[in-house]
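Shown next, in structure tokens, is the structure this report addresses.
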Amino acid sequence: MKTRTGVREGVWPVLLTPFGDDLSIDWAALDEMIDYYIAEGVAGVFANCTSSEIFDLQPEEMLQIARRITERAAGRIGVVATGNIGDTLEQQRESMRRLAATADLDAVVISTSMLPAERPIHDEIRLLMDGGEMPLGIYEAPIPVHRTLQPGEVAELAASGRFVFLKETSRQVPVFSQKVELARDTPMQVFQANLACLLEGGEQTGAGFAGTLVNVAPRLSRDYLLEPQRTTPWHHQARELMLSIGNIMNQTKYPASAKYMLQRLGLRIQTACRWHVANGFSAGDIAVIDRFFDVARPAIVSVDGLWRGFRWHENDELIMKLREWSQLTTTPAVD
Numbered sequence: 002m003k004t005r006t007g008v009r010e011g012v013w014p015v016l017l018t019p020f021g022d023d024l025s026i027d028w029a030a031l032d033e034m035i036d037y038y039i040a041e042g043v044a045g046v047f048a049n050c051t052s053s054e055i056f057d058l059q060p061e062e063m064l065q066i067a068r069r070i071t072e073r074a075a076g077r078i079g080v081v082a083t084g085n086i087g088d089t090l091e092q093q094r095e096s097m098r099r100l101a102a103t104a105d106l107d108a109v110v111i112s113t114s115m116l117p118a119e120r121p122i123h124d125e126i127r128l129l130m131d132g133g134e135m136p137l138g139i140y141e142a143p144i145p146v147h148r149t150l151q152p153g154e155v156a157e158l159a160a161s162g163r164f165v166f167l168k169e170t171s172r173q174v175p176v177f178s179q180k181v182e183l184a185r186d187t188p189m190q191v192f193q194a195n196l197a198c199l200l201e202g203g204e205q206t207g208a209g210f211a212g213t214l215v216n217v218a219p220r221l222s223r224d225y226l227l228e229p230q231r232t233t234p235w236h237h238q239a240r241e242l243m244l245s246i247g248n249i250m251n252q253t254k255y256p257a258s259a260k261y262m263l264q265r266l267g268l269r270i271q272t273a274c275r276w277h278v279a280n281g282f283s284a285g286d287i288a289v290i291d292r293f294f295d296v297a298r299p300a301i302v303s304v305d306g307l308w309r310g311f312r313w314h315e316n317d318e319l320i321m322k323l324r325e326w327s328q329l330t331t332t333p334a335v336d
């Protein structure tokens with residue numbers, strides 16, 4: 002287990018879990034995904050989260066996934082994973098200890114939606130801190146119950162020095178910014194989870210972006226985040242492309258839609274999902290994604306992966322389509 006020095010800043014995919022036709026974990030596809038994200042320049046990956054279909058994974062599978070990823074990554078990127086599994090705080094403490102002993106993680110993450118909810122959220126997190134000395138993270142998971150920390154609670158937890166990662170999901174830019182400031186000068190790194198808030202927040206991006214878009218557009222997300230000034234025509238087109246990807250992904254049964262998008266990017270991952278929300282991923286959904294990718298794929302994977310090098314003046318059709326797709330009204334599948 003790593004020491005409490007803070008996790009790496011940048012973009013973090015919220016890692017999908019690849020399954021085969023029989024819904025067993027496809028380990029070869031998982032390895033390929035990790036290699037792909039490393040090549041695309043991500044800072045780290047968040048495993049066993051909502052996008053990973055955590056509520057449909059067995060505890061032993063979660064341990065195997067975390068161990069497999071850390072061994073594959075071999076220190077080239079950061080890795081965090083949800084650890085508080087169980088109905089009681091004692092069961093959750095034990096699962097966190099077991100995860101820390103199994104995989105060399107940068108942090109064992111506490112998912113707020115999985116807390117027993119017998120006490121205030123802050124008190125339950127405090128009690129879980131007694132489970133060991135491992136670095137910790139917090140994920141304000143939106144389902145099944147969206148429980149977020151108040152800024153003052155973030156300040157107190159950050160000051161403890163135990164927390165190195167926070168995936169913030171208030172979906173409010175001022176609240177996110179306040180939490181970033183309150184965690185400053187502590188090991189806690191605060192990551193934006195919501196794409197719309199990332200784009201609205203200007204230069205206030207905290208430690209980076211840990212959202213669903215990074216799963217399918219890691220380099221685009223990274224290149225956008227790295228720019229200190231986001232006022233150029235390139236950034237305007239980037240925002241429209243990012244919103245378009247997010248909207249298309251959300252309206253076509255995420256996370257199956259994201260898995261299919263990775264197929265379109267050349268990865269050998271199947272669209273199979275255990276999570277019921279992806280049931281019925283259909284030929285119609287595939288057709289929507291295909292229409293989008295037939296036009297937008299060259300911009301997503303432009304020459305040498307440097308998205309800004311894309312020749313916009315030669316792609317009037319894409320510009321018109323992005324204006325349409327970026328205005329779609331969709332609700333994020335998850336944060």
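Counting from 2, one number per residue, gives the positions in the sequence shown under this note's numbering. We put the beta carbon where it would ideally sit given N, CA and C, even for glycine. Keep in mind the model is a prediction, meaning the values are calculated, not measured.
- Here the alpha carbons of residue 285 and residue 133 stand approximately 49 angstroms from one another.
- Annotation for residue 108: the continuous beta strand (DSSP E) segment containing it runs 108-112.
- Counting along the chain, residue 140 sits inside the beta strand (DSSP E) bounded by residues 137-140.
- By DSSP's assignment, residue 254 forms no beta bridge with any residue.
- Rounded to the nearest angstrom, the gap between the Cα atoms of residue 39 and residue 45 is 8 angstroms.
- The region 41-107 is shown to contain whole beta strand (DSSP E) runs of 3 or more residues at 45-48, 79-83, in chain order.
- The C-beta of residue 25 has fewer than 16 other C-beta atoms within 10 Å across all chains shown, which makes the residue exposed.
- Residue 114 and residue 269 have their C-alpha atoms roughly 32 angstroms apart.
- Per DSSP, residue 328 is not a residue of any beta strand (DSSP E), being assigned neither H nor E.
- Counting every other CB atom within 10 Å of its CB across the protein chains shown gives residue 146 a total below 16, marking it as exposed.
- In the DSSP assignment, residue 26 forms a beta bridge with 20.
- Taking C-beta atoms as the reference points, residue 326 and residue 241 count as a pair closer than 9 angstroms.
- The beta carbon of residue 20 is closer than 8 angstroms to those of 26, 27, 271, 273, 274, 275 in its chain, skipping five residues each way along the sequence.
- The region 83-91 makes no contact with the region 288-296, as fewer than three CB pairs between them are under 8 angstroms.
- Looking at 51, 41, 112, 54, the one whose alpha-carbon comes closest to that of residue 78 is 41.
- Out of 105, 239, 187, 121, the CA that lies nearest to the CA of residue 166 is found in 187.
- Annotation: residue 195 to residue 131 spans about 30 angstroms, alpha carbon to alpha carbon.
- Around the beta carbon of residue 144, fewer than 16 other beta carbons sit within 10 angstroms, so the residue counts as exposed.
- The distance from the Cβ of residue 168 to that of residue 141 is about 6 angstroms, consistent with a contact at the 8 angstroms cut-off.
- The residues 152, in chain order, have a CB closer than 7 angstroms to that of residue 179 in the same chain once the five nearest residues on each side in sequence are set aside.
- Counting along the chain, residue 282 sits inside no alpha helix (DSSP H), nor does DSSP assign it H or E at all.
- CA-to-CA, the gap between residue 163 and residue 185 works out to about 14 angstroms.
- Linking residue 56 to residue 213 through their CA atoms gives a straight-line distance of about 17 angstroms.
- Between residue 90 and residue 128 a beta carbon distance of about 5 angstroms is seen, short of the 8 angstroms cut, so the two are scored as contacting.
- Taking 9 angstroms as the cut-off, the Cβ atoms of residue 181 and residue 207 count as close.
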